[in-house]
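A short write-up of the structure that comes next.
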Amino acid sequence: MVLPVFLVIAGLIVMTQPRTKRWQSRMSAHLGHDERRIKQRANTFRLLGLGFILTALSIWVRS
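One gets the working numbering by counting positions in the sequence shown from 1 and adding 10 to each.
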């Protein structure tokens, strides 16, 4: 039962990553200050984190 807990923690970390100033400044420098692409990348991180959490819930329910 360690895997679902790990996946939830990893999902929460991935989902909150785009809100940090360090992440925003690095993405801004990497993507050339293109706000549309930065928001798109942030949404991708949120969906990835949500995927981790949903996977953890499905593992927990099946057990």
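Each residue gets a CB set at the ideal place from its N, CA and C atoms; glycine is no exception.
Here the structure is a predicted model, which is why all the values come from computation and not from measurement.
8 Å Cβ cutoff met for residue i and residue j
i: M25; j: S73; result: no
i: A20; j: F55; result: no
Neighbourhood of residue i by C-beta, 7 Å cutoff - its chain only, sequence neighbours within 5 removed
i: A52; result: P28
Anticipated Cβ contact below 8 Å, residue i with residue j, distance rounded
i: T65; j: L17; result: 6 Å
i: L48; j: S38; result: In the sequence as displayed, the identity of residue 48 is Ile instead of Leu. 6 Å between Cβ atoms; contact.
**Request:** Identify every run of the alpha helix (DSSP H) within the segment 40-64, keeping only runs that are complete inside it and at least 4 residues long; order them along the chain.
**Result:** none
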